[in-house]
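Asks:
There are 2 protein chains.
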Amino acid sequence: MLAAYILTKPENCINLLVILLTLTEESPWFAGFLAPSWPLHPQKLGAVSKITIKHVAKKAGVSTMTVSRVLNNRPDVAAETRRRVQEVIEELGYAPNMAARGLKGRSRTLGVVATGIEYYGPSRTLASIERRANELGLSLLLSLITDPETESGEDTLANLLAHQIEGILWAVPEIGNNREWLYERMQEIDTPVVFLNTEPRGDISMSAVDNFHGGRLATRHLVEQGYRHIGIVTGPLSWWEARQRLEGWRTVLAEHDMAADIDKLQSYGDWSPASGEAGLLQLLGQARLLDAVFASNDQMALGILKAAKEVGLSVPDDLAIVGFDDIPESAYFSPPLTTIKQGLTEMGATTVNMLYESIESREIGEENSPCVAWITPQLIVRKSSINIKR
Amino acid sequence: MLAAYILTKPENCINLLVILLTLTEESPWFAGFLAPSWPLHPQKLGAVSKITIKHVAKKAGVSTMTVSRVLNNRPDVAAETRRRVQEVIEELGYAPNMAARGLKGRSRTLGVVATGIEYYGPSRTLASIERRANELGLSLLLSLITDPETESGEDTLANLLAHQIEGILWAVPEIGNNREWLYERMQEIDTPVVFLNTEPRGDISMSAVDNFHGGRLATRHLVEQGYRHIGIVTGPLSWWEARQRLEGWRTVLAEHDMAADIDKLQSYGDWSPASGEAGLLQLLGQARLLDAVFASNDQMALGILKAAKEVGLSVPDDLAIVGFDDIPESAYFSPPLTTIKQGLTEMGATTVNMLYESIESREIGEENSPCVAWITPQLIVRKSSINIKR
DNA sequence: CAGTCGACCGTTACCGATAACATGCTACCA
DNA sequence: TGGTAGCATGTTATCGGTAACGGTCGACTG
Chain A
1 MLAAYILTKP ENCINLLVIL LTLTEESPWF AGFLAPSWPL HPQKLGAVSK
51 ITIKHVAKKA GVSTMTVSRV LNNRPDVAAE TRRRVQEVIE ELGYAPNMAA
101 RGLKGRSRTL GVVATGIEYY GPSRTLASIE RRANELGLSL LLSLITDPET
151 ESGEDTLANL LAHQIEGILW AVPEIGNNRE WLYERMQEID TPVVFLNTEP
201 RGDISMSAVD NFHGGRLATR HLVEQGYRHI GIVTGPLSWW EARQRLEGWR
251 TVLAEHDMAA DIDKLQSYGD WSPASGEAGL LQLLGQARLL DAVFASNDQM
301 ALGILKAAKE VGLSVPDDLA IVGFDDIPES AYFSPPLTTI KQGLTEMGAT
351 TVNMLYESIE SREIGEENSP CVAWITPQLI VRKSSINIKR
Chain B
1001 MLAAYILTKP ENCINLLVIL LTLTEESPWF AGFLAPSWPL HPQKLGAVSK
1051 ITIKHVAKKA GVSTMTVSRV LNNRPDVAAE TRRRVQEVIE ELGYAPNMAA
1101 RGLKGRSRTL GVVATGIEYY GPSRTLASIE RRANELGLSL LLSLITDPET
1151 ESGEDTLANL LAHQIEGILW AVPEIGNNRE WLYERMQEID TPVVFLNTEP
1201 RGDISMSAVD NFHGGRLATR HLVEQGYRHI GIVTGPLSWW EARQRLEGWR
1251 TVLAEHDMAA DIDKLQSYGD WSPASGEAGL LQLLGQARLL DAVFASNDQM
1301 ALGILKAAKE VGLSVPDDLA IVGFDDIPES AYFSPPLTTI KQGLTEMGAT
1351 TVNMLYESIE SREIGEENSP CVAWITPQLI VRKSSINIKR
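Line order of the protein sequences matches chains A and B. Numbered per this note's numbering, the first sequence spans residues 1 to 390. Numbered per this note's numbering, the second sequence spans residues 1001 to 1390.
1) So which of MET1354/B, PRO1328/B, LEU1355/B has the shortest CA-CA distance to GLN1342/B?
2) Hey, how far is the Cα of VAL1190/B from the Cα of GLY1105/B?
3) Please decide whether ARG69/A counts as near chain B, where near means a Cβ-Cβ distance under 7 Å.
4) Could you compute how far the alpha carbon of PRO1075/B sits from the alpha carbon of ARG1069/B?
5) So, with DSSP's three-state summary, where would you put LEU379/A?
6) Going by the CB atoms, is the gap between GLY1279/B and GLY1269/B shorter than 7 Å?
7) Just the Cα atoms here: how many angstroms apart are GLY215/A and ALA1242/B?
8) By the DSSP assignment, the beta strand (DSSP E) with GLY231/A in it spans what residues?
9) My understanding is that VAL1067/B touches ILE1053/B, with C-beta atoms under 8 Å, so please give their C-beta distance in whole angstroms.
10) Classify LEU237/A: buried if its beta carbon has 16 or more other beta carbons within 10 angstroms, exposed otherwise.
11) Please report how far the alpha carbon of VAL223/A lies from the alpha carbon of PHE333/A, in whole angstroms.
12) Which residues in chain A have a C-beta closer than 9 Å to the C-beta of ARG1362/B? List them in chain order.
13) What span of residues does the alpha helix (DSSP H) with TYR391/A cover, start to end?
14) If we count the other Cβ atoms within 10 Å of its Cβ and call it buried at 16 or more, is THR219/A buried or exposed?
15) Within 7 Å (strictly less), CB to CB, does MET1300/B reach chain A?
16) Using a Cβ cut-off of 8 Å, which residues of the segment 161-181 of chain A contact any Cβ in chain B, in chain order?
17) At 9 Å on the CB atoms, spell out the chain A contacts of ILE1117/B, in chain order.
18) Closest Cβ-Cβ distance between GLU1149/B and chain A: below 7 Å?
19) Would a C-beta distance cut-off of 7 Å place TYR227/A and ALA287/A closer than the cut-off?
20) Does the segment 347-363 of chain A come into contact with the segment 112-129 of chain A, if we say contact requires no fewer than three beta-carbon pairs (one atom in each stretch) closer than 8 Å?
21) Can you name the start and end residues of the beta strand (DSSP E) that VAL1088/B belongs to?
22) In chain order, which alpha helix (DSSP H) runs of at least 4 residues are fully inside the segment 149-190 of chain A?
23) Taking 6 Å as the limit between beta carbons, can you name the residues of its chain near LEU138/A, skipping five residues before and five after?
24) In the structure shown, what three-state DSSP assignment does GLN1399/B receive?
25) Straight-line CA distance for SER361/A to THR115/A?
26) With 7 Å as the threshold, decide whether the Cβ of GLY1226/B is near any Cβ in chain A.
27) Is SER384/A close to chain B? Criterion is C-beta to C-beta, closer than 7 Å.
28) So, is the C-beta of TYR1183/B closer than 7 Å to a C-beta in chain A?
29) Count the other C-beta atoms from every protein chain shown that fall within 10 angstroms of the C-beta of LEU1289/B, then say buried if there are 16 or more, exposed otherwise.
30) Closest by CA to ILE262/A, which one among ALA171/A, ILE230/A, LYS309/A?
31) Buried or exposed: which applies to ARG83/A, given that a residue is buried once 16 or more other Cβ atoms fall within 10 Å of its Cβ?
32) What three-state label does DSSP hand LYS54/A in the structure shown?
33) Give the single residue among ALA307/A, PRO192/A, LEU169/A whose Cα lies nearest to the Cα of GLU367/A.
34) Where does ASP1298/B fall in DSSP's three states?
What follows is the structure, given as structure tokens:
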């Protein structure tokens, strides 16, 4: 058979005129035409080549495309064919090459950008993200930011995009304006992003614990227990969470006419036990009548417990304490710590769901609008805040 | 220019005789030869197509291969060419597509299989793994096992391999024989695996904290402080770490002739604070003279502290306690906890280094032999074990 | 009974980077 | 001055999967 085709390579504007001689194996005479310097490539077979879609296709007697359709649960495959292909897949133990899929934009991988996973909150969140992603058949590419105050994460983002991930979970706290670049960048890239625990704004998808509500819950509980001079040790106010918890505390104090001299009831910590310790000492110096403290996390509450003991204050008789986080240890502090449980597991799963939906809807072409989910935290009452005498 | 080539497609044994007419853009007359039914493909340009190696090549006036060589720091590029290419890369903000690289076996990605990252040790380890991997330019695909006692992780491994990862870090504890399948599987796959915190064996690469030494450190410290009846609350004995710590304790007791009635000095916990609490009560019931406890982790030590307080034992006067892990909270327990710091950061980094070397040496073709690295833990002395009266 | 439609399946051209191989050129030697 | 070694660079095929498109065939319609 003799045929002629024009092939074009647009990128370099070179046209190739190809005169094509198709010879079947039955025409060995053709070998005579070959110049000796044009070697026939020996059939390179890898030693124990992995099983690919081609092997499956060959064994099932169909084309690779049909196998691909079966793999992706496309509707246009006859039931019988589908069954046969699935059998062969099973039999050969075939697993699709994700890199090849990624090249075509279906990597089934999410990027997670997180920080501080050696601490309870972030690691808990990450664990629930992984679990939900796994359930949905998605893999996770993990990137950690060591110091969110100084590292912007631009390299991190670039790296994730280079891996052809299909969506991004951004679990780094917004500190100051360390994220402005990202909001701009998001306009250009067409990979959906969902944020965790961040200040809501109209143009992003996000899920967050209602820290304001949490701050209210903690403070209101202290008010109800009869405490009248309720101080706070905040987290770093560059953190949105810390500001929200502070605001909740302020609101409740104002509601109960306890906000006179409110400045003297505030102390600024940095999440560490040491700063809780220092915070209590500072508060005691400022507010003589102090009888309760809302610590913005459990670690600081632990530092406060230690400081209280050292200055001879008994908890909860002289001083009540409420923490935030409900780390597993807090039930075993002495006394056991009243605290706010955040619902981080729920938040992690929710964000993955949101991202998944976003990816799905993008696939079928519809643009989906930003979405916000709030997680309601929960008060866990233990001994550190209960004073039967009052 | 006229040239002829032989192309072969081994898979279907069809030979193509290609007569190649190279026409530059300056030869539009050639269009006359085109049959109307052979359409020139319209140049399909994505809306805002990402920058690929081709764009860089074109702009730098070289071939894609040369760009690739520059990207991979291959030696055979002229200094001037290299500089120009790098300039263009910079200018266009080009980043290589990792999926495409993965397809060729150079995904620059490691798989991490871990469990329990909501706890301090694993999350700390994971953080240091990520940091070191990042420094080496490697990405991390994260897989978590929820329950290592029931989940084998075979699916997890398959998933990682499907992603064309170049190496695996296995940070799931060996419990019973939950890993036999993996040792077998490792024979077939040619992806290097490094294990974390596991019992050494000749045919695997691994890094582990010397838990036996840690157990000795803790116990010897108590002996030196003058305590004579030293109990232990172990972790679950299906865990290698727990067994090693127990063994260290046993050895020191035997060395000091304190191993009479040793059974009554043992209690079996499950890492949780609650089991520490229960463990102490059990020990007190068995051993009247008990004056110290080695808790196999800090969380159980916390439970023990609580239980001691409840039964009216003062720490460290009546009862000394040493923990294991050095979680950040332990310095703020009341009293602050003496404990063993594991060196998890070092372990994480070490395993990544080992895996990296293994990958590198594999690339240049040499087979590298299994390698074992031990991390030496460290005693952190705090108040819970210091009794000046003794 | 021609025409149309839809279900099913195959062919081809990519996706982006890289290994293998080919080629052009310079330098150096006999 | 021809030959050749070796450096720098280009060309092609390939990795494994999927989108786009085409073809076939039977059923149904007018």
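Using N, Cα and C, we set each Cβ at its ideal position, and we do this for glycine too. Please read all numbers here as calculations on a predicted model, not as lab measurements.
Replies: Considering the structure as presented:
1) Selection MET1354/B, PRO1328/B, LEU1355/B evaluated against GLN1342/B yields PRO1328/B as nearest (Cα-Cα).
2) Note on residue identity: the sequence assigns Asp, not Val, to residue 1190/B. In this structure, the alpha-carbon of ASP1190/B lies about 12 Å from that of GLY1105/B.
3) Answer no: the Cβ-Cβ gap between ARG69/A and chain B never drops below 7 Å.
4) Between the alpha carbons of PRO1075/B and ARG1069/B lies a distance of about 8 Å.
5) Residue state, collapsed to three classes: strand.
6) Yes, these two residues count as a Cβ contact at 7 Å.
7) Looking at the two C-alpha atoms, the distance is approximately 40 Å.
8) Start and end: 230-234.
9) VAL1067/B to ILE1053/B, Cβ: 5 Å. Contact.
10) It counts as exposed.
11) VAL223/A and PHE333/A: Cα-Cα distance of roughly 22 Å.
12) Those do not exist, as ARG1362/B stays about 14 Å from chain A at its closest Cβ, beyond 9 Å.
13) The first residue shown for chain A is 1 and the last is 390, placing residue 391/A beyond what the model contains.
14) Result: buried.
15) Closer than 7 Å to the CB of MET1300/B there is not a single CB belonging to chain A.
16) When CB distances to chain B are screened at a threshold of 8 Å, the residues of the segment 161-181 of chain A falling below it are LEU161, ALA162, HIS163, GLN164, in chain order.
17) For the C-beta of ILE1117/B, the chain A residues within less than 9 Å are, from N- to C-terminus, ILE117, SER123, ARG124, LEU126, ALA127, GLU130.
18) GLU1149/B has a beta carbon lying at 7 Å or more from every beta carbon in chain A.
19) No, the pair does not count as a contact, with Cβ atoms beyond the cut-off.
20) Cβ pair count under 8 Å is three or more, so yes.
21) In this chain, VAL1088/B is not harboured by any beta strand (DSSP E); it is covered by the alpha helix (DSSP H) spanning 1079-1092.
22) For the segment 149-190 of chain A, the continuous alpha helix (DSSP H) assignments of 4+ residues that do not extend past its boundaries occur at 154-162, 180-188, in sequence order.
23) So the qualifying residues of the chain are ARG108, LEU110.
24) Because chain B spans 1001 through 1390 in this model, residue 1399/B falls outside it and cannot be assessed.
25) Spanning the two alpha carbons is a distance of roughly 29 Å.
26) It does not; no Cβ of chain A falls within 7 Å.
27) Taking 7 Å as the CB threshold, SER384/A stays off the interface with chain B.
28) Interface criterion not met: the Cβ of TYR1183/B is under 7 Å from no Cβ in chain A.
29) Residue environment: LEU1289/B is assigned as exposed (fewer than 16 neighbouring CB atoms within 10 Å of its CB, all protein chains considered).
30) For the options ALA171/A, ILE230/A, LYS309/A, the alpha carbon positioned closest to that of ILE262/A is the one of ILE230/A.
31) With fewer than 16 Cβ atoms within 10 Å of its Cβ, ARG83/A is classed as exposed.
32) Correct three-state label for LYS54/A: helix.
33) GLU367/A has its Cα closest to that of PRO192/A, out of ALA307/A, PRO192/A, LEU169/A.
34) Annotated three-state conformation of ASP1298/B is helix, per DSSP.
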